[in-house]
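Position in the sequence shown (first residue = 1) + 492 = our numbering. Beta carbons are placed, not taken as given, at the ideal position from N, Cα and C, and that holds for glycine. These notes concern the structure reproduced below.
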Amino acid sequence: MKTKLLLSVGAVLGALTAPAHAETEITWWHGMGGALGETVNKIAADFNESQDEYKITPVFKGTYEETLTAAIAAFRAGEQPNIVQVFDAGAATVIGAKGAVVPVEDLLNQNGVEFNIEDYIAGVRYFYADSDGKMIGMPFNSSTPILYYNVEAMEKAGVTPPKTWEEFETVTAPALKEAGYTPLTQSHMPWIFTENFFSRHNLPFATENNGYDSVNVSINADAPELKAHFESFKNWIDNDLAAFYGAAWDDNAKPFEAGEVAMWLGSSGSFGGLVQKADFDFSATYLPYWEKVTKEPTQTFIGGAALFAMSGHSDEENKAAAEFFRYLTSPEVQYMWHRETGYVPITEAAYELAKKDGHYEKFPAAEIGIQQLQLPAGDNTKGYRMGFYVQIRDVMNREYTRYLNGETSLDDAFATIKKEADALLERFAQTQGGQG
């Protein structure tokens with residue numbers, strides 16, 4: 493009897509101390525270090541504290557490239573994370589990996605999370621979608637290229653930021669040079685001066701609907717409008733109207749942060765860092781366009797990265813991933829992410845919350861990227877979908893640098909980019925069962 497009584501008491505105490513149910517745990521691999529990584533960790537911790545059914549664990553896996561490589565290797569070994577962050581240039585690779593991901597739109601709909609692609613701001617909606625407009629990856633750290641400028645430099649030179657490249661080379665740049673400034677630098681020639689050059693002018697970047705409709709695609713890397721733009725850029729550099737300090741991002745950002753350069757083409761996501769680094773008043777405006785190419789400039793599209801739900805997990809874990817996406821896309825969380833990092837809020841509701849809170853009255857430059865993403869769209873403004881694009885960007889950076897440094901001619905540089913890029917695209921098509 494005594495033994496039975498002790499067992500009964502033990503059972504009651506066990507029932508009182510045991511959790512009602514076990515949390516469903518999921519993992520999130522990402523490539524955000526430093527302050528951005530701390531914000532990622534805060535989002536995860538806040539989600540875990542907001543409810544007691546699910547727990548997400550963020551894991552820093554290195555650079556964007558290292559994160560993608562690790563995720564693909566893990567998928568092949570059957571050890572993939574639930575969610576992985578994939579950057580813009582790697583999107584085609586992960587989407588093209590057969591059965592590797594569950595389209596986020598399907599994941600949400602299957603788990604009772606309301607989804608409407610129109611809730612997302614223009615310029616964000618379709619970059620990570622398929623050719624039918626179904627969202628495959630959830631936009632996360634989304635940004636777009638904009639023109640930052642030193643307010644004091646503009647006032648000293650007696651000019652305003654240029655709307656067109658014609659205005660830049662005939663009015664703005666000469667005045668800034670005369671005032672003692674290097675007029676312009678830019679970071680990331682493939683993203684700003686190539687991919688978004690096509691979008692800003694509504695020009696086709698590649699065949700097959702910019703790669704969305706087929707893997708059998710050819711790139712328009714030698715488009716005459718693009719070649720003319722780079723020819724002008726080199727002329728500006730040669731005449732001290734612009735500068736090129738190297739292909740690395742910070743090579744061209746730091747001279748602006750130091751107050752030596754008057755205007756810098758960077759990312760809308762750079763806003764938070766500039767607030768910390770620049771000891772002068774700065775603001776921002778839209779990416780200039782060539783009036784000789786178009787009288788009706790269109791929107792840019794996003795860079796950055798998206799979150800993809802990897803396949804091969806239980807229904808419970810997929811449900812947890814869907815609930816995390818619900819939390820992540822809530823207006824309050826998106827506004828916090830936008831406010832802390834400078835990346836755009838991906839939903840209209842979050843954008844409205846930021847406006848209501850007076851965020852842009854305090855920081856007008858923080859709104860420019862969002863406004864630019866909401867400019868009129870065109871047939872060629874949603875982005876691109878090309879495989880082995882990380883390698884294609886490397887080819888662009890190599891040849892652009894050689895041309896700007898006088899090591900090759902304009903025609904040879906662009907012919908090389910076209911030839912090597914198309915060869916990479918053909919190889920990718922073969923891996924996907926296409927004909928190249």
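Would the beta-carbon of Ala857 fall within 8 Å of that of Ala776?
Yes, the Cβ-Cβ distance between Ala857 and Ala776 is below 8 Å.
What residue does the beta strand (DSSP E) around Ile638 start on, and which one ends it?
Note, Ile638: beta strand (DSSP E), 637-642.
With which residues is Ser775 paired in a DSSP beta bridge?
Bridge partners of Ser775: Tyr641.
Hey, which unbroken runs of the alpha helix (DSSP H) at 4 residues or more fall wholly within the segment 558-645?
Those alpha helix (DSSP H) runs which fall completely within the segment 558-645 and span 4+ residues are 583-588, 596-602.
Going by CA-CA distance only, name the one from Ala565, Gln577, Phe539, Thr516 that's closest to Gly795.
Nearest of Ala565, Gln577, Phe539, Thr516 to Gly795, Cα basis: Gln577.
Let me know if Gly526 comes out buried or exposed under the rule of 16 or more other beta-carbons within 10 Å of its beta-carbon.
It is exposed - the Cβ of Gly526 has fewer than 16 other Cβ atoms within 10 Å.
Can you check the segment 683-760 for any beta strand (DSSP E) of at least 3 residues that lies completely inside it and give the ranges in chain order?
If we require 3 residues or more, the beta strand (DSSP E) runs fully inside the segment 683-760 come out as 753-759.
To the nearest angstrom, report how far apart Val882 and Gln864 are at their CA atoms.
Cα to Cα, Val882 sits roughly 25 Å from Gln864.
Tell me whether Phe685 is buried or exposed, calling it buried when 16 or more other Cβ atoms sit within 10 Å of its Cβ.
Label assigned to Phe685: buried.
Would you check if the distance between the CB atom of Gly875 and the CB atom of Ala584 is smaller than 8 Å?
In this structure, Ala584 does not lie closer than 8 Å to Gly875 by Cβ.
With Lys910 and Ala713 assumed to form a contact (beta carbons below 8 Å), what rounded beta-carbon distance in angstroms separates them?
Contact holds; Cβ gap of about 5 Å.
Can the beta-carbon of Phe763 be found closer than 8 Å to that of Gly834?
Their beta carbons are under 8 Å apart, which means Phe763 touches Gly834 by this criterion.
Does DSSP classify Met493 as helix, strand or coil?
Its pLDDT being 45, under 50, Met493 is placed unreliably in this model, and the coordinates cannot settle the point.
Going by C-alpha to C-alpha distance, which of Glu752, Trp741, Ile862 sits closest to Tyr778?
Comparing Cα-Cα distances from Tyr778 to each of Glu752, Trp741, Ile862, the minimum goes to Ile862.
For Trp782, which of helix, strand or coil comes out of DSSP?
Three-state DSSP puts Trp782 in coil, outside helix and strand.
Given Arg877, which residues of its chain have a CB within under 6 Å of its CB, disregarding the five upstream and five downstream residues?
Once the five neighbours on either side are set aside, the close Cβ partners of Arg877 are Ala584, Gly703, Tyr704.
Which ranges does the beta strand (DSSP E) cover as unbroken runs of at least 3 residues, wholly within the segment 782-831, from first to last along the chain?
As far as the segment 782-831 is concerned, its whole beta strand (DSSP E) runs of at least 3 residues are 795-802.
Distance, Cα to Cα, Met572 vs Met627?
Note that residue 572 is Gln in the sequence shown here, rather than Met. Each residue's Cα considered, the two are about 21 Å apart.
For Phe855, list the residues DSSP reports as bridge partners.
Phe855 is not bridged to any residue.
Bridge partners for His522 per DSSP, in chain order?
BP columns for His522 point to Phe552.
Kindly indicate which residue of Ala798, Met828, Lys746, Leu896 has the alpha-carbon position closest to the one of Asn633.
Here the closest residue by C-alpha is Ala798.
Does the pairing of the segment 550-570 with the segment 801-808 give three or more beta-carbon distances under 8 Å?
Enough Cβ pairs lie closer than 8 Å, so yes.
Please report the distance separating the alpha-carbon of Thr495 from that of Ala514.
With a pLDDT of only 44 at Thr495, under the threshold of 50, the placement of this residue in the model should not be trusted; the figure read from the coordinates follows. Straight-line Cα distance between these residues: approximately 30 Å.
Are the CB atoms of Asn540 and Lys547 within a distance shorter than 8 Å?
In this structure, Asn540 lies closer than 8 Å to Lys547 by Cβ.
Asp904: buried (16+ other C-beta within 10 angstroms of its C-beta) or exposed?
By the neighbour-count rule (16 or more Cβ atoms within 10 Å), Asp904 is not buried but exposed.
How long is the line joining the alpha carbons of Gly650 and Glu644, rounded to whole angstroms?
Going from the Cα of Gly650 to the Cα of Glu644 covers about 10 Å.
Kindly indicate which residue of Gly615, Trp520, Gly898 has the alpha-carbon position closest to the one of Phe722.
Closest by alpha carbon: Gly898.
Which of the three DSSP states, helix, strand or coil, is assigned to Tyr876?
DSSP places Tyr876 in coil when its eight states are reduced to three.
Kindly give me the distance between the Cβ atoms of Gln922 and Pro868, rounded to whole angstroms, as I take these residues to be in contact under 8 Å.
Rounded, the Cβ-Cβ distance is 38 Å, inconsistent with contact.
What residue ranges within the segment 865-909 form continuous alpha helix (DSSP H) runs of no fewer than 4 residues, ordered along the chain?
The qualifying runs are 881-896.
Does Gln863 come out as helix, strand or coil in the three-state DSSP assignment?
Residue state, collapsed to three classes: helix.
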